[in-house]
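Written below as structure tokens is the structure these notes are about.
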Amino acid sequence: MEPMPRTLKTLNWLTAALFVAALYMVFLYAPREAVMGDVQRVFYFHVSAGWVGAVAFLVTAISGAVFLARRNPKWDRLAVASVEIGMVFAFINIVSGAIWARPVWNTWWTWDPRLVTATIMELIYLAYLMLRQGIEDPDRRARFGSVYGIVAFISVPITFLSIRFFRTIHPVVIGSGDPTAEGTFDMTPRMLQAFLFSLLTFSLIYMTLLWHRVRLARMTEHVEERRMQLTSA
Amino acid sequence: MIEVRKLVKTFGRKPVLRGLDFSVPEGEFVAVVGPNGAGKTTLLRILASLARPTLGEVRLAGRRLPAEAGAVRRILGVVSHQPLLYGDLTAEENLRFYGRLYAVSELEARVQQALETVGLRPHRRDLVRTFSRGMQQRLSIGRAILHEPLVMLLDEPHTGLDPEAAVMLDRLLGQVAGEGRTVVMTSHDLQRAASLANRVDVLAGGVMAASVRKGELDPEELPALYRSVTGA
Amino acid sequence: MPEPGNRIEVRAAPTGPRVPTAPATVARGDRLVAGYLRAIAAIVRKDLAAELRSRELLGAMLVFSLLLILIFNFALELDARTRQTVTAGVLWSTFAFAGTLGLNRSMALEVDRGCLDGLLLAPVDRSALFFGKALGNLIFMLLVAATILPAYSALYNVNLFLPGLMGVVLLGSIGYVVVGTLLSSMAVQARTRDILLPLLLFPVVLPVVIAAVRATSGLLQAVPPEEIRGWINLLIAYDVIFTAVAFMTFDYIVEE
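Just so you know, the sequences run in chain order Z, L and D. With our numbering applied, the first sequence covers 1 to 233. With our numbering applied, the second sequence covers 234 to 465. With our numbering applied, the third sequence covers 466 to 721.
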């Protein structure tokens, strides 16, 4: 049983502290937005979560590519960990988007290109996990996961562009009279600070969770190895 | 012709071959026997360039695997226990397809000759779907010799054959091997392996546990040797 | 016309024991390319020949497509007015769904009887195997389109025989088939093979569907060409990018 490295323990505390600080920044430090009111505060978490979801996907794709080149299983473990965590953040992104949209535009969903792309990314994550689940051989599972991670990641920007192109021709926002409703508003300096701080905090939460998850995967493998050694001896 | 040194193959964390040494001189017919799960199929797949070694060195006709797999495939003929044939095509069409893949020249002549060799010319226009297992195995051999390979690899070719078909297969194997080819055949059947091959190697515990040349040992003593080596 | 003495021949084997010599095929550059193309052609030919015999694949795709159009007919109330705006969507939805049947079946044929090993044993580059299967899948998809378009035209009195439309169908099919062949080669080896392919494919192939539908719709409604050009460019970009990606990653899927 590996003891938790000191760096990780420190990271745990640091991340927790930052999160508390972020809550303060978002709910108390940042001013109340003029038009939308307090619900606008969701924005800080919404965008941060979306950002982390996208980065997590990038990590998965790159990790997969490195695995195919080096064939060291640790890269595959990293890829899976990143997908699992990214999925959660992408989900937070979607749900917070809905929470924000409802009072402001009287709709649960806006066909905003970024939101749609984020949802598609979430579905790709799920498909990735289902692909891996359906394959028995661990080497094949890792290879297929890597390939799909790369292929799917490349498709996401193209999807985003095509939806955006679609939108410029056919603006569709149900329930809102404003065809460019993408949730833009002017940010005062304090809002900007709160935003950047949330971004930083969420990024750190991602890294902490990633580290924990990779550790977990490694320990699980060790257990499996021991079990096989004991049953075959 | 075939040189294998310290071959290691692991699936995930499970080691199947553990530093296996194996060598086949040109023109020899070697049978590899061993218990289920010993790694016979794995060894054959690695020799056939269908799987990669985890560690160790594998050479066929002086070419290294997996690095020079492309050149090696040209001189290999592989018969698996799956026939590798398309049921919806006729015997002829199947051979023509593989002939094209292997860029065999004078294709039609070669196809008809291969059919003749394996005794399936009368059925050349029949769909492979209608063939018995024995006929499919014979056609599979025809497929494997189409491009005149120097090395033949056979993975338990007698599986699922009735005694009559098995005898026909033996005759065919004798003929094919007699043309100077190097043959490696894995098998479950110790007696059959001993009668067909120049040499019988026993794969157990992830390595070659024993090797017996024809004539070295009395055929009746083989099962005892096998049992002692595999711990059966 | 090469002189008789200069041709390199691999003679047919004489009967009886002989010492085998190495095959006299010296691979020069041009012969490598010819071998590559010949392998692709051989695979396409094989798939077409097998399909001609059994007609399972095409039959299933065609029937499924017609059923889908039927369902859409009642689900979307395709009256004369809405037809204008909705035809493109109906057509491409149909292609997208029916396409998965063809993709799965085409790969299953190779994997199920171990024939994939037969292909992998051939002394050709792996990408030739990919392009062979993809080209075969493309031909099947175009055959289905060639049947569905006239059928739809007749059923709904819409003229679908515009040259631009044929181009869009081709470009869209290429993108779909390239990604579809790559992903089906993975999906078919999983336990959950049938449901897995659509899940893997549809999110990735969405830009193709969007662009194809918008381009088709634009053509049908005689929209100014500048708009359509953007979508065509997107299709071409997608096709090029993913053909390259497939070329680079297919090896990793089939090599053990």
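In this text, a Cβ means the ideal position worked out from N, Cα and C, and glycines have one as well.
Is there a C-beta anywhere in chain D that falls below 8 Å from the one on residue i?
i	result
Glu326 of chain L	yes
Ile174 of chain Z	In this prediction, Ile174 of chain Z scores a pLDDT of 41, lower than 50, which makes its location untrustworthy; the coordinate-derived value is nonetheless stated afterwards. Cβ-Cβ to chain D under 8 Å: no for Ile174 of chain Z.
Leu123 of chain Z	yes
Ile94 of chain Z	no
Ala284 of chain L	yes
Glu221 of chain Z	no
Asp321 of chain L	yes
Phe262 of chain L	no
Of the residues the options, which one's Cα is nearest the Cα of residue i?
i	options	result
Leu523 of chain D	D:Ala687, D:Gln654, D:Leu635, D:Met606	D:Met606
Arg167 of chain Z	Z:Val80, Z:Leu18, Z:Leu14, Z:Leu115	Z:Leu115
Ala22 of chain Z	Z:Thr107, Z:Ala152, Z:Ile205, Z:Thr188	Z:Ile205
Leu348 of chain L	L:Val384, L:Ile235, L:Arg414, L:Leu379	L:Leu379
Pro316 of chain L	L:Leu276, L:Tyr459, L:Thr392	L:Thr392
Tyr335 of chain L	D:Leu513, D:Ala573, D:Leu585, D:Leu568	D:Leu585
Arg70 of chain Z	Z:Leu209, Z:Arg143, Z:Met87	Z:Arg143
Gly64 of chain Z	D:Glu720, D:Asn569, D:Thr714	D:Thr714
Trp696 of chain D	D:Thr708, D:Tyr617, D:Ala676	D:Ala676
Arg520 of chain D	D:Pro690, D:Val609, D:Pro672	D:Val609
Ala81 of chain Z	Z:Gly50, Z:His212, Z:Val95	Z:His212
Val440 of chain L	L:Pro248, L:Arg366, L:Asp254	L:Asp254
Ser420 of chain L	L:Ala399, L:Gln408, L:Arg414, L:Val409	L:Ala399
Asp38 of chain Z	Z:Leu78, Z:Asn93, Z:Phe19, Z:Arg102	Z:Arg102
Is residue i close to chain Z? Criterion is C-beta to C-beta, closer than 8 Å.
i	result
Arg425 of chain L	no
Arg195 of chain L	The displayed coordinates of chain L run from 234 to 465. Any statement about residue 195 of chain L would go beyond what the structure contains.
Gly245 of chain L	yes
Leu639 of chain D	Checking the displayed sequence, the identity of residue 639 of chain D turns out to be Ile instead of Leu. Ile639 of chain D does not count as touching chain Z.
Leu738 of chain D	Nothing can be reported for residue 738 of chain D, as the shown portion of chain D is limited to 466 through 721.
Val450 of chain D	The displayed coordinates of chain D run from 466 to 721. Any statement about residue 450 of chain D would go beyond what the structure contains.
Thr714 of chain D	yes
Leu581 of chain D	no
How is residue i classed by DSSP in three states: helix, strand or coil?
i	result
Ile135 of chain Z	coil
Ser313 of chain L	coil
Met631 of chain D	helix
Leu8 of chain Z	helix
Arg446 of chain L	strand
Asp434 of chain L	strand
Gly413 of chain L	coil
Glu349 of chain L	helix
Glu692 of chain D	helix
Ala399 of chain L	helix
Glu326 of chain L	helix
Gly439 of chain L	coil
Tyr703 of chain D	helix
Ala492 of chain D	The predicted position of Ala492 of chain D is uncertain, since its pLDDT is 49 and thus under 50; no value can be drawn from it.
Ser466 of chain L	The structure shown does not extend to residue 466 of chain L, since chain L is modelled only from 234 to 465, so the question has no answer here.
I'd like the span of the alpha helix (DSSP H) that includes residue i, first residue to last.
i	result
Asp582 of chain D	580-586
Leu574 of chain D	545-577
Leu532 of chain D	521-541
Met368 of chain L	366-378
Arg425 of chain L	423-429
Kindly indicate the opening and closing residues of the beta strand (DSSP E) around residue i.
i	result
Asp254 of chain L	247-257
Ile92 of chain Z	Here Ile92 of chain Z belongs to no beta strand (DSSP E); instead the alpha helix (DSSP H) covers 73-105.
Leu288 of chain L	288-293
Thr243 of chain L	235-244
Phe667 of chain D	No beta strand (DSSP E) contains Phe667 of chain D, which is instead part of the alpha helix (DSSP H) from 658-685.
Leu387 of chain L	384-388
Ala264 of chain L	262-266
Arg41 of chain Z	Counting along the chain, Arg41 of chain Z falls outside any beta strand (DSSP E), and DSSP gives it neither H nor E.
Leu298 of chain L	296-298
How about residue i: is its C-beta nearer than 8 Å to some C-beta of chain L?
i	result
Val576 of chain D	no
Met228 of chain Z	yes
Asp137 of chain Z	yes
Val633 of chain D	no
Glu2 of chain Z	no
Val705 of chain D	no
Let me see if you follow: with CB-CB separation under 8 Å, is residue i close to chain C or not?
i	result
Phe330 of chain L	Of the chains in the structure shown, none is chain C; the protein chains are Z, L and D.
Problem set entry | Short-range partners of chain L found in the stretch 596-623 of chain D, where Cβ spacing is below 7 Å | Listed in chain order, the positions of the stretch 596-623 of chain D with a beta carbon within less than 7 Å of a beta carbon of chain L would be empty, since no residue qualifies.
Exercise. Which of the residues in the stretch 642-658 of chain D, read from start to end, lie with their CB under 9 Å from any CB of chain Z?
Worked result: Val644, Leu647, Leu648, Met651, Ala652, Gln654, Ala655, Arg656, Thr657, Arg658
Exercise. The stretch 301-319 of chain L: which residues have C-beta closer than 8 Å to a C-beta of chain D, in chain order?
Worked result: Gly303, Ala304, Arg306, Arg307, Ile308, Leu309, Val311, Ser313, Gln315, Pro316, Leu317, Leu318, Tyr319
Exercise. Residues in the stretch 676-700 of chain D with C-beta within 8 Å of chain Z's C-beta atoms, listed in sequence order?
Worked result: Hits within the stretch, in order: Ala676, Arg679, Glu692, Gly695, Trp696, Leu699.
Exercise. Between the stretch 65-93 of chain Z and chain D, which residues of the former have a C-beta closer than 7 Å to a C-beta of the latter?
Worked result: Leu68
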